[in-house]
Amino acid sequence: MPVISVDWWKGNDRARRQELVGELTACVSRIAGCPEAAVTVIVRDVDPDHWGKGGLLADEPVPGPADEPAPTLAEERPSTYATVPPAPQDAGGQKP
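In the working numbering, the protein residues as written are 1 to 96.
Structure, rendered in structure tokens:
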């Protein structure tokens with residue numbers, strides 16, 4: 001019974017959470033060889049001021065050139081996320 005925990009920045013909508021849960025469930029089910037109903041995914045929304053990277057909180061300005069406004073780590077995240085392609089299939093189109 002796999003349990004997956006995901007911590008990500010607060011602000012993702014329900015549709016994004018559903019897509020994440022669905023994709024992770026399908027992937028883990030396939031790799032672990034268990035039914036999807038056995039996979040649990042826990043998603044935690046974290047405020048940027050509770051998330052640190054490189055010694056800075058994500059809502060603090062990131063050091064950069066003095067003549068440009070400094071973005072925060074939270075502002076640097078992409079607004080859209082790449083979709084992971086499905087696992088390659090063998091020539092016969094059957095799963096390994």
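C-beta atoms are modelled at their ideal positions from N, C-alpha and C, and glycine is treated no differently. Since we're looking at a predicted model, the values are computed, not measured.
Counting C-beta neighbours from all protein chains within 10 Å, is the total for residue i 16 or more, i.e. buried, or is it exposed?
i, result
"Ala58", "buried"
"Ala6", "Strictly speaking, residue 6 in this sequence is Val, with Ala absent from that position. By the 10 Å Cβ count, Val6 comes out exposed."
"Val46", "exposed"
"Val39", "buried"
I need the DSSP call for residue i, collapsed to helix, strand or coil.
i, result
"Val46", "strand"
"Val137", "Past the edges of the chain, shown from 1 to 96, lies residue 137, and the structure says nothing about it."
"Val39", "coil"
"Gly11", "coil"
"Gly33", "coil"
Would you tell me roughly how many angstroms separate the C-alpha atoms of residue i and residue j, rounded to the nearest one?
i, j, result
"Cys27", "Lys53", "28 Å"
"Lys10", "Arg17", "11 Å"
"Pro35", "Ala74", "36 Å"
"Gly22", "Pro63", "37 Å"
With DSSP as the reference, please indicate the residues paired to residue i in a beta bridge.
i, result
"Leu97", "Outside the displayed range of the chain (1 to 96) lies residue 97, so it cannot be described from this structure."
"Thr72", "Pro61"
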